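Residue numbers (our numbering), protein chains in the order written: chain C, 1 to 107; chain Y, 1 to 107.
Beta carbons: idealized from backbone N, C-alpha and C, even for Gly.
Remember, it's a predicted structure, so these values are computed and weren't measured experimentally.
Worksheet: one structure, shown below.
2 protein chains.
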Amino acid sequence: MEPAVKAIAEPRRREILRLIWTRELPAGRIASHFAVTRPAISQHLRVLKEAGLVSERRDGTRRLYRARPDTVAEVRRFLGAFWDEGLQHLKQEAEAEERRKRNRRRR
Amino acid sequence: MEPAVKAIAEPRRREILRLIWTRELPAGRIASHFAVTRPAISQHLRVLKEAGLVSERRDGTRRLYRARPDTVAEVRRFLGAFWDEGLQHLKQEAEAEERRKRNRRRR
DNA sequence: CCATTCTGTTAGTTGACACTTACGTAAGTC
DNA sequence: GACTTACGTAAGTGTCAACTAACAGAATGG
């Protein structure tokens, strides 16, 4: 999980992921969308693959990549829980504040 | 926005953020929750502050930190949009696949 | 004042990371 | 079999990040 979060922190890797949300794409096609060299993209793809965010399928000389919706959903839930926990705490504090106000008024 | 995403990728910073979701805490109290030295936490706090995720208030010799719900919510929305875009694409593809199946059957 | 407390800041080190260039390799093409 | 295509991998570089140890500074208490 942690590797996936780190992988997503990099903007270029998010861009790559966006390219292969829906369709399978060979590494070269992915690389051609960016200004950096092909090996650089290849390394990004490895990071994404090791994080489980991307699947690789070989077809002759090409390697086709695609996002893995299950892992993506996991990361989404993980971070979602993080935010939600925070918001819940904040809500509780807001309610406590409200109670304090009411108690002050009552005296 | 990008700094905030990077800031959150670090597990220790997420822990710090969790500590000050609800209550204000002085730097020393925050540091005492961790095994690393106090300056290390101080630097993490600076990163969080520069990312706008944390507010700092001085009280005598102490500095009190607290999460900033507005910025936190922004990051949440940013990543939320990222996931949602992906899921939308996947949904579209699933529907397209469905259509293809139907068309095949019709012939 | 001086000492203490609570903190940020400043080197300085180590390691990770994004990148490039150069090379290696497997699958198709002539 | 040589050639090309489409890749990954290795090695090297510059930069950034996380950490420690040592110092600096503001507020408080005597």
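Rounded to the nearest angstrom, the Cβ distance from Y/Leu53 to C/Leu79 is 14 Å, too far for a contact under 8 Å. For Y/Leu64, the enclosing beta strand (DSSP E) covers residues Arg62 to Ala67. Counting along the chain, C/Glu50 sits inside the alpha helix (DSSP H) bounded by residues Arg38 to Glu50. Taking the Cβ atoms as the reference, Y/Tyr65 lies roughly 7 Å from Y/Ile30, within the contact range of under 8 Å. Looking only at C/Arg12, C/Arg58 and C/Trp83, the smallest Cα-Cα distance to C/Ala40 is reached by C/Arg12. Neighbours of Y/Glu2 in chain C, taken as residues at a C-beta separation under 7 Å, are given in chain order as Pro11.
By the Cβ neighbour-count rule, C/Arg76 is buried, with 16 or more other Cβ atoms within 10 Å of its own.
Residue contact with chain C for Y/Arg76: present (Cβ-Cβ distance below 7 Å to some residue of chain C).
In the three-state scheme derived from DSSP, where H, G and I count as helix and E and B as strand, Y/Glu24 is classed as coil.
Around the beta carbon of Y/Val36, a 10 Å sphere encloses fewer than 16 other beta carbons of the protein chains shown; the residue is thus reported as exposed. Beta-bridge annotation (DSSP): C/Glu74 is not paired with any residue.
In its chain, beyond the 5 residues on either side, Pro3 have a beta carbon closer than 7 Å to the beta carbon of Y/Glu50.
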